[in-house]
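> Here it is, the structure in full.
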Amino acid sequence: MSSDVLERRYRMLLRAYPAGYRRERADELIDTLIGDEPTTRRWPSAREAVSLLRGGLRVYGGSAAARPTAVLFWQGIHLGALAVLALGVLIGLDDIVEAFRYGGLSDPVTVLRNQGVHEVVLIAALVALVAGRARTAAVLAVAGAVVPSLISPYLFLNGLPQWWAPVVATPLIVLGLRRPADVPPAPRANAVLVTAGILALHLIPAGGLRMVDAVPRIVAAAMVIAGVAAFLWVATADQRLLIAVVPTLLLGTVHQLDNAGLTEELLRRPDALPSLAVAVLMAVGAIVSTRLRQRTRA
């Protein structure tokens, strides 16, 4: 009876793996984990649970694929385009709320002209990319930069990060159209989760580190450390995140460079040039290490 309970709990942990992988190898993994000897254990150990969760992340990252480097690169590019569009949408929504809060209710037409048209087109590009309509997403991303700028130059003239979002995302979407046929697309649900994780990284309240009072600054520092550590724990297993996060940091960097380092937007967090450089090095390191492991395995 206890072995049945233990097996059921192992299978719950195995849901961290893609469905196809579970169908092929779940029974083999269960046999390895439980073994042939009778056991009275009813719970997996903490080490086993962590290993299984990280194993699932690695499989999603392409470790079990025939060409893991190709999966890492091409899916990472796709996830990066998704993340930067999603971040642009989030910043745009924040900007619209702020605009209405500070006088926009008296002139809503101006707010909708300056920010609303861009937001609608950007959301449409994001939805198209999530739905797998990459060509449509590319056209909408170009339109997201050009059309609102023709209607109203507000976003362009102020160099706001939501304007830069489609500019950064478009080449990634276009490059993704050349994805090799033997590299599968990122599973849709997994892509949404990865995007949410990257957005969460950008929502860490790093601005609290600038507070004068010691207690709020310590709390903010603890949240930053915990958030970055959690992200890196996931990203070192599913290394596609190390590639996908780079465009979002580039978005913050071009905004800062265009605005003399002033960041009153949602991107008031680790998005300056040093963070971008570190992220690029980590992404390159992920690709090189995966390629070396692939050669060793071959």
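Mapping the sequence shown onto the numbering used here, position 119 (from 1) lands on 120, and the numbers just tick up by one. All residues carry an ideal CB built from backbone N, CA and C; glycine is no exception. All of these numbers come straight from a predicted model, not from anything done at the bench.
Out of curiosity, what's the CA-to-CA distance linking W165 and D95?
Mapped onto the sequence shown, residue 165 falls at position 164. Mapped onto the sequence shown, residue 95 falls at position 94. In this structure, the CA atom of W165 is about 15 Å from the CA atom of D95.
> So what's V122 in DSSP terms, helix, strand or just coil?
Working through the sequence shown from its first residue, we reach residue 122 at position 121. DSSP places V122 in helix when its eight states are reduced to three.
> Taking 7 Å as the cut-off, is the CB of Q240 close to at least one heavy atom of the ligand GDP?
With respect to the ligand GDP, the structure shown offers nothing to examine, as it has no ligands at all.
> Quick one: residues in its chain with C-beta nearer than 8 Å to the C-beta of A17, no 5 flanking neighbours on either side, listed in chain order?
Here the question's residue 17 lines up with position 16 in the sequence shown. These residues qualify, in order along the chain: L53, L54, G56, G57 and L58.
> Quick check: the Cα distance between L178 and S46, rounded to an integer number of angstroms?
For the purposes of this step, residue 178 is identified with residue 177 of the sequence shown, where counting begins at 1. For the purposes of this step, residue 46 is identified with residue 45 of the sequence shown, where counting begins at 1. Rounded to the nearest angstrom, the two C-alpha atoms are 43 Å apart.
> I'd like the list of long-range same chain contacts for W300, defined as Cβ closer than 8 Å, with 5 residues on each side in sequence excluded.
The structure shown has nothing for residue 300, since the chain only spans 2 to 299.
> What is the DSSP secondary structure of Q240, counted as helix, strand or coil?
Here the question's residue 240 lines up with position 239 in the sequence shown. Correct three-state label for Q240: coil.
> Flag V285 as yes if its beta-carbon sits less than 8 Å from any beta-carbon of chain C, otherwise no.
Absent here is chain C; the protein component of the structure consists of one chain.
> Rounded to whole angstroms, what is the Cα-Cα separation between R1 and H119?
Lying outside 2 to 299, the shown extent of the chain, residue 1 is not represented and no answer is given.
> Between the beta-carbon of V90 and the beta-carbon of L123, is there less than 8 Å?
Mapped onto the sequence shown, residue 90 falls at position 89. Mapped onto the sequence shown, residue 123 falls at position 122. A contact, by the Cβ cut-off of 8 Å.
> Taking buried to mean at least 16 other C-beta atoms within 10 Å of its own C-beta, is V110 buried or exposed?
Counted from its first residue, the sequence shown places residue 110 at position 109. V110 is exposed by the Cβ-count criterion.
> On the three-pair Cβ rule with 8 Å, is the region 187-205 touching the region 154-165?
no
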